[in-house]
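If you're matching positions, the sequence shown starts at 48 in our numbering and goes up one per residue. Heads up, the beta-carbon is just placed ideally off N, CA and C, and yes, glycines get one too. Note that the structure is predicted; figures quoted are calculated from it, not measured. First up is the structure itself, then whatever we jot down about it.
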Amino acid sequence: MTERRVRVRFAPSPTGALHIGGVRTALYNYLFARQHGGDLIFRIEDTDSNRFVPGAEEYILESFKWLGIPFDEGVSFGGNYGPYRQSERRDIYKKYVGILLERGKAYIAFDTPAELEAKRAEIPNFQYDASTRMQMRNSLTLSKEEVDTLLAEGKQYVVRFKVEPNEDVRVNDLIRGEVVINSSILDDKVLYKSADELPTYHLANIVDDHLMEVSHVIRGEEWLPSAPLHVLLYRAFGWEETMPAFAHLPLLLKPEGNGKLSKRDGDRLGFPVFPLEWHDPKTGEVSSGYREAGYLPEAVINFLALLGWNPGNDQELLSMDDLIRLFDLNHCSKSGAKFDYKKGIWFNHEYILKKSDAEVAELFKPVLREHGIDPAQYTDEYLTRVVGMVKGRVNFVKELWGQAAFFFVAPASYAEKDVRKRWSADTPRIMGELQEVLRGIADFSSKPSEDIVIGWITEKGYHMGNVMNAFRLAVVGECKGPHMFDITELLGKEETLKRIRRAVDALA
Ligand code: GLU
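Structure, rendered in structure tokens:
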């Protein structure tokens, strides 16, 4: 048999913001597709009209754009297997429901909600299946005439899958190995509802995976319980030969490791569980997103890639190209992955370091604007050098302001604790001398200025720490920051002298 072309899909239901676990699922599909030179499809599973949320589809698309995960075909991307939005495929599903009915693999059921409720009250743990279906109102218990009459009268019905009992259903999962489930525990799932003339998730999902020639279904563990039913559906259609391979990814767990990660964990511990900020159109609630929280998309990708998979060694910093090369479903774990959001922060720090100073300077510009500074007043070189001096100290680009504000505005106040410790009665006089020394320096760049100033302090026998810290206090506003003479080089002689004068006036 010739190797099948790799075709995978990410198939979200537009029911709200995309959860970070869904992002990881899409990422793994993307890595797998790229690695095999295959196709990644974006399909919208919107057959449950009750759960449809306006804006969700656009939100999902924008998320992947930001993250740098392009799709090869699907909703908004085009392709030869469309339409890719399930609500636009009604006729296709109708046809396939008809095939199952014709083959006796499915049946029509007329039970009303009230009748089903009554049965549930009568039979403990009621399940619509081989043991109960013959007590219900369906095309297996009613005569052909009765069924036709009910249909002609326009009575609402559903189509149910007829699951044969007592059969071991085997699902071969690339991550979990063989999973065996006895068909008796499955119920006769609803495949189609006349009320909205739409199939349910199960039917639409199988029909589409078949028609779109999907080769591998890589999805979250929460879909594993559906897999036996899906295997039976492939069989009922006679599609076993081209049934996709399954891989069910491990759950994302709470940071503490007990139970599934939820939005509440994010609220409780202060980290986003969505890629982008989400404004819930129904409740008006706003949920934070990785983008708005200041994460770099590369960092989010790297962080997520390692939640449930590892390259087989302890390498952690992996670019998208590395991931495409190294990704391997066989190295995905079966057990859940703790959502160590602090690790996400660490990745962000690492990716800020990895980026060139010039790139980070570009990202810093909007932050400057937020603080009332027009970045256009500075050369790119100035901004780049500022960034180079402080980026090692931050986890987020927006934190650069806290480290570098003094490069843009002279201190308006001076850290009290430092003043107490470093500014004595003698200091104004020494600062006066320092101004003279600085004024006399011809080459104000870091090293030459340092040599001269240190030489002067030594010659005078002044206390090195006290003088240098008072100098720093005057220029920076507190006793911390990058190398003092790197700062003064960038600020220039005039500004440096001005700041010392101001401090002497203010602290006199
Ligand atoms: N529509 C399902 C979801 O929202 C897709 C599950 C699958 O990949 O089969 O995740």
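| Query | Result |
| --- | --- |
| For L481, the three-state DSSP class (helix, strand or coil) | helix |
| Cβ pair count under 8 Å reaching 3, the region 515 to 533 against the region 488 to 504 | yes |
| Whole-number beta carbon distance between N185 and F157, since they are thought to touch under 8 Å | 7 Å |
| F374 (DSSP reduced to helix, strand or coil) | coil |
| 8 Å contact criterion, which V70 and S110 should meet: CB distance rounded | 7 Å |
| Where I504 falls, given that 16 or more other Cβ within 10 Å makes a residue buried | buried |
| Contacting residues, own chain, Cβ-Cβ under 7 Å from L485 (five flanking each side not counted) | K540, T543 and L544 |
| Closer than 8 Å: W270 CB and nearest ligand 1 heavy atom | yes |
| E135 Cβ short of 8 Å to ligand 1 heavy atom set | no |
| Alpha helix (DSSP H) segments (min. 4 residues) lying fully within the region 221 to 286 | 248 to 258 and 274 to 284 |
| Cβ contact (3+ pairs, closer than 8 Å) linking the region 317 to 328 and the region 338 to 345 | yes |
| Proximity test, S60 beta-carbon vs ligand 1 heavy atom, cut-off 8 Å | yes |
| Nearest neighbour of I88, chosen from F491, A58, K191 and H326 [CA to CA] | A58 |
| heavy atom of ligand 1 below 8 Å from R266 C-beta | yes |
| Span separating the alpha-carbon of A352 from that of K385 | 13 Å |
| Distance between S366 and D387 (C-alpha atoms, nearest Å) | 20 Å |
| Reference Y175; option with closest CA among G201, L279, D427 and V210 | V210 |
| Length of the line joining the Cα atoms of R282 and D404 | 58 Å |
| Where the alpha helix (DSSP H) through D195 begins and ends | K191 to A199 |
| Cβ pair count under 8 Å reaching 3, the region 284 to 301 against the region 161 to 168 | no |
| Where H396 falls: helix, strand or coil (DSSP) | helix |
| Range of the contiguous alpha helix (DSSP H) that encloses V500 | S493 to K507 |
| Distance cut-off 8 Å: E345 Cβ against heavy atoms of ligand 1 | no |
| Assumed close pair L245, T94 - CB separation to whole angstroms, cut-off 8 Å | 5 Å |
| Meets three-Cβ-pair contact criterion under 8 Å: the region 196 to 215 and the region 148 to 155 | yes |
| Rounded separation between H66 and G317 - CA only | 16 Å |
| Whole runs of the alpha helix (DSSP H) within the region 61 to 115, excluding any shorter than 4 residues | 67 to 82 and 103 to 114 |
| Supposed contact pair G68 and V100 - C-beta distance, whole angstroms, cut 8 Å | That pair is no contact at about 18 Å. |
| Contact the region 419 to 438 vs the region 477 to 494: 3+ CB pairs below 8 Å | no |
| Contact test: N252 Cβ vs ligand 1 heavy atom, cutoff 8 Å | yes |
| D138 burial status per 10 Å Cβ neighbour count (16 or more: buried) | exposed |
| Same chain only: Cβ atoms within 6 Å of H418, ignoring 5 sequence neighbours per side | W448 |
| E269 versus L308 - alpha carbon distance | 13 Å |
| Candidates G508, C526 and N349, of which the one nearest E463 by Cα | C526 |
| Ordered list of alpha helix (DSSP H) runs contained in the region 290 to 368, each at least 4 residues | 310 to 316 and 344 to 352 |
| C-beta contact flag for D235 and R180 at 9 Å | yes |
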